[in-house]
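Just below is one structure, and these are the notes that go with it.
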Amino acid sequence: MGPASDDHSGERQPYNFIYEKLVSAPDDIVGMIAYSLYKKEKVEYIRNFTKQYGRAPEDQDLQSFHVSSNTQARLSGYGVQAKEIAREFLEIALEEKVEEIESRLLADYQLTQIGSDLRQLRNFWPAVIQGLVSSWLFAGSIGLIVLLSALARLGPKDVFIEVGRLFNLEIRDNKPATSIKGQSGK
């Protein structure tokens, strides 16, 4: 510890180098957190002293606080607490970032899925019509093949007679059996 002058009495008082002990570089965040923990503890000490003695502490009253807070164990304790605070802060920040990314990805996925579903719906009815047309064409093709093969085997006259009988039988099966002679009443 080096000396520093006191503006009030002209006496030289020891200067507390705790900042340099806790903060190793300008970007040492953990060290800065450790220093703020030291300062918080010092403010609590001053408040408790003021409450207990009814006055603010003088420099000699703070001497015991400076001695106890500058031990290697206490300096290490500030560092450990600071690392824990930094770790918790990073965990919270990372959790929030992960939630934000997950939310964004989910929204993008849902938009993509909705777009895909809409494209599928737009293609649904044309596909249904295409399926119906192709089914009718296939059935007509099979019927045409059967008709042509029958024509080739039996001849056109016999095929038309057979087709007429098939339709005549279907008509008779669907209607009550009555003969033309029975309708005349004779």
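This note's numbering puts the sequence shown at residues 31 to 216.
Ideal Cβ positions, reconstructed from N, Cα and C, are used throughout, including at glycine.
If you're wondering where the values come from, they're calculated on a predicted model, not measured in any experiment.
CA-to-CA distance, residue 71 to residue 88, given in whole angstroms = Roughly 17 Å separates the two Cα atoms.
request  = Below 7 Å CB to CB, which residues in the same chain sit around residue 243 once its five sequence neighbours on both sides are set aside?
outcome  = This structure leaves residue 243 out entirely; the chain is present only between 31 and 216.
query = If we cut at 8 Å on Cβ distances, does residue 177 have a partner in chain C?
reply = Judged by its chain identifiers, the structure shown contains no chain C, having just a single protein chain.
key: Three-state secondary structure assigned by DSSP to residue 118   = In the structure shown, the three-state DSSP call for residue 118 is helix.
request  = Pull up the distance between the alpha-carbon of residue 108 and that of residue 123, whole angstroms please.
outcome  = Their Cα atoms are separated by approximately 22 Å.
query = So, helix, strand or coil for residue 156, using DSSP?
reply = It is helical.
message = Less than 8 Å between the C-beta atoms of residue 189 and residue 181, yes or no?
response = Going by C-beta atoms, residue 189 is nearer than 8 Å to residue 181.
Residue 55 classed as buried or exposed, judged by whether at least 16 other C-beta atoms fall within 10 angstroms = Exposed, since its Cβ has fewer than 16 Cβ neighbours within 10 Å.
message = Relative to the C-alpha of residue 47, which candidate in 86, 97 and 80 has its C-alpha closest?
response = Measuring from the Cα of residue 47, the nearest candidate turns out to be 97.
key: Straight-line gap, residue 39 to residue 120 (C-alpha atoms, nearest Å)   = Here residue 39 scores only 44 on pLDDT, less than 50, and its place in the model is too uncertain to base an answer on.
Cα-Cα separation, residue 197 to residue 171 = CA-to-CA, the gap between residue 197 and residue 171 works out to about 20 Å.
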